[in-house]
Amino acid sequence: MNSVYFFILSINFLHISSSTKTCYGPYITASSIEALDQDLQLIQPLPIDCGRLSCEFYSSPSSALGSHGPLSAYGPLGTMGPIGHHLWNPTAWRSESPTLIDRTTSHMLFGLSNNPLSSTGPLASDSYHSKLPLTNDFGKHLRAFGLWSVLGPFGPLGALGPLGALGPTGPYNTMNLEGHHSVQVKWTVNETRYFDLVEVLDESHVQEELDCSFMILGVIRRSDETDSYYFNCKTNQFVTIVLVPEHSLDYFNMTLFSHTNVSEEIASSNSMRYINFIQLGLINNNGTFRIDVNLHEMHQFLLSHSYRLIVTGSQDLLDLKEEINNIQGPHIINC
102 MNSVYFFILS INFLHISSST KTCYGPYITA SSIEALDQDL QLIQPLPIDC GRLSCEFYSS
162 PSSALGSHGP LSAYGPLGTM GPIGHHLWNP TAWRSESPTL IDRTTSHMLF GLSNNPLSST
222 GPLASDSYHS KLPLTNDFGK HLRAFGLWSV LGPFGPLGAL GPLGALGPTG PYNTMNLEGH
282 HSVQVKWTVN ETRYFDLVEV LDESHVQEEL DCSFMILGVI RRSDETDSYY FNCKTNQFVT
342 IVLVPEHSLD YFNMTLFSHT NVSEEIASSN SMRYINFIQL GLINNNGTFR IDVNLHEMHQ
402 FLLSHSYRLI VTGSQDLLDL KEEINNIQGP HIINC
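Below, the structure written as structure tokens:
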């Protein structure tokens, strides 16, 4: 009898263990923003003053987060911006330079105490915690987990993204630069930090697990195709993942999985009204991650169904425990 009882307990324990989902941290997505339906009354701090136009307008699909905003196909992160292989993209004209020249240029820029990534720039605590919130309520919600945080200083449009000094228009030509690369930066007069470069890779060049700072130029060739990429991020940082369509009539979905447990879905974004993104407050990392990209719908058949997948980590510049309660609302999904 005791052996039967022990066997039942063992089965129940295994069932509970296998069904227990790992909590990586709270997150927001384009889908969770869409679910608000522009009703901002439960958001704290309550967005009231967003400048000339209403905060409800800025949260609409026709505004900052939608297909006409800066994350869209024809914004600075898209094909009309500086990054790409087309004739009008500056990176297409940049030739490979010797490593010595890259390092010299890097030292000339990042060796200055007032360089773009220093404590006197947009990544400074004073800029993020004091000046940004004082702008207005839109500025408050450019902080992590805010309604427009994906547009903020720690997203792909910020100093750590592909358009900043760490990307291919900076001192290093990171176009199709394989591997993990970081650069030493003077943070203050007496302190230095290391920041990850933003490698910009065609999907055919992705041969290994990536770090937490990259941009992938990919394409879906069949409606049932899934593109999967693996990457690793250190804990205690905000990780922002943005999926930019290269053509406005293509609609992509993305899903974030645990690589150690291939069936464990962490977050997904499948909005048809907003540019899809995931912002995760990574408090626990049980291994590497897998991000899957799918083509949800296509309304054009002349051009390739191409996209740009961008991952940006806040690195060690923010303490999640101190920042995680700055913004509250039903758009934040807790585990």
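Just so you know, my numbering puts the end of the sequence shown at 436, numbered straight through with nothing missing. Glycine residues also receive a C-beta, built at the ideal position from the N, C-alpha and C atoms.
For residue j and residue i, believed in contact at Cβ under 8 angstroms, the rounded distance
{"i": "W249", "j": "Y175", "result": "Not confirmed; about 19 angstroms, so no contact."}
{"i": "V301", "j": "P257", "result": "Contact flag wrong, Cβ pair sits at about 12 angstroms."}
{"i": "E304", "j": "D328", "result": "6 angstroms"}
{"i": "S207", "j": "P272", "result": "4 angstroms"}
{"i": "G382", "j": "F246", "result": "7 angstroms"}
{"i": "I129", "j": "I433", "result": "6 angstroms"}
{"i": "I384", "j": "T336", "result": "6 angstroms"}
{"i": "D238", "j": "P146", "result": "7 angstroms"}
{"i": "R244", "j": "N435", "result": "That belief does not hold up - the Cβ atoms of R244 and N435 are roughly 18 angstroms apart, past 8 angstroms."}
Neighbour-count burial assignment, residue i, 16 or more Cβ in a 10 Å radius
{"i": "A260", "result": "buried"}
{"i": "V345", "result": "buried"}
{"i": "S231", "result": "exposed"}
{"i": "Q308", "result": "exposed"}
{"i": "I379", "result": "buried"}
{"i": "D297", "result": "buried"}
{"i": "I425", "result": "buried"}
{"i": "F339", "result": "buried"}
{"i": "T341", "result": "buried"}
{"i": "V343", "result": "buried"}
{"i": "S226", "result": "exposed"}
{"i": "Q416", "result": "buried"}
{"i": "K422", "result": "exposed"}
{"i": "F402", "result": "exposed"}
{"i": "D138", "result": "exposed"}
{"i": "S173", "result": "buried"}
{"i": "S219", "result": "buried"}
{"i": "G152", "result": "exposed"}
{"i": "N113", "result": "Residue placement at N113 is flagged as unreliable, the pLDDT there being 46, under the threshold of 50; the coordinate-derived value follows with that caveat. Its Cβ having fewer than 16 others within 10 Å, N113 is exposed."}
{"i": "G280", "result": "exposed"}
{"i": "R195", "result": "exposed"}
Candidates the options, of which the one nearest residue i by Cα
{"i": "A131", "options": "Y375, G382 and I367", "result": "Y375"}
{"i": "T275", "options": "G185, V340, Q338 and T361", "result": "G185"}
{"i": "K122", "options": "T293, L419, N362 and I411", "result": "N362"}
{"i": "Y331", "options": "S359, D150, F339 and L350", "result": "S359"}
{"i": "V284", "options": "D420, D303 and S314", "result": "S314"}
{"i": "L267", "options": "D303, R204 and D238", "result": "R204"}
{"i": "P191", "options": "A225, L143 and L264", "result": "L264"}
{"i": "F390", "options": "W194, E423, C436 and C334", "result": "C334"}
{"i": "L311", "options": "G247, H348, F402 and I411", "result": "I411"}
{"i": "I149", "options": "P234, W194 and C436", "result": "P234"}
{"i": "H348", "options": "R153, D393 and H169", "result": "H169"}
{"i": "K287", "options": "S198, T221 and P272", "result": "T221"}
{"i": "P171", "options": "G382, N377 and G414", "result": "N377"}
{"i": "L141", "options": "C436, E197 and P431", "result": "P431"}
{"i": "L166", "options": "N337, Y229, S372 and K241", "result": "S372"}
{"i": "Q429", "options": "G262, H242, E292 and V320", "result": "H242"}
{"i": "G240", "options": "L350, I321, C156 and H282", "result": "C156"}
{"i": "Y229", "options": "L418, N435 and G280", "result": "L418"}
{"i": "H282", "options": "R294, V299 and V290", "result": "V299"}
{"i": "E197", "options": "C124, P223, N277 and R153", "result": "N277"}
{"i": "L224", "options": "C151, E279, L143 and G262", "result": "G262"}
Discussion item. In chain order, what are the residue ranges of uninterrupted beta strand (DSSP E) at least 3 long that sit wholly in the segment 270-356?
Written reply: 283-287, 293-297, 300-303, 314-321, 327-332 and 338-346
Worksheet item: Would you call the segment 134-142 and the segment 208-226 touching, i.e. three or more CB-CB distances under 8 angstroms?
Response: no
Discussion item. Below 8 angstroms, how does it come out for the segment 389-399 and the segment 353-369: are there three or more Cβ pairs, yes or no?
Written reply: yes
Worksheet entry | Stretch-stretch touch, CB-based, cutoff 8 angstroms, three pairs: the segment 404-418 with the segment 359-375 | Touching, no.
Fill in: Given 8 angstroms, three or more beta-carbon pairs between the segment 178-197 and the segment 234-252
no
Worksheet entry | beta strand (DSSP E) runs wholly inside the segment 363-398, at least 3 long, in chain order | Listed in chain order, the complete beta strand (DSSP E) runs (minimum 3 residues) inside the segment 363-398 are 366-370 and 378-383.
Discussion item. So within the segment 129-165, which uninterrupted alpha helix (DSSP H) runs reach at least 4 residues, ignoring any that extend past its ends?
Written reply: 131-135 and 156-159
Worksheet entry | alpha helix (DSSP H) runs wholly inside the segment 233-260, at least 4 long, in chain order | The segment 233-260 contains these whole alpha helix (DSSP H) runs: 233-236 and 238-241.
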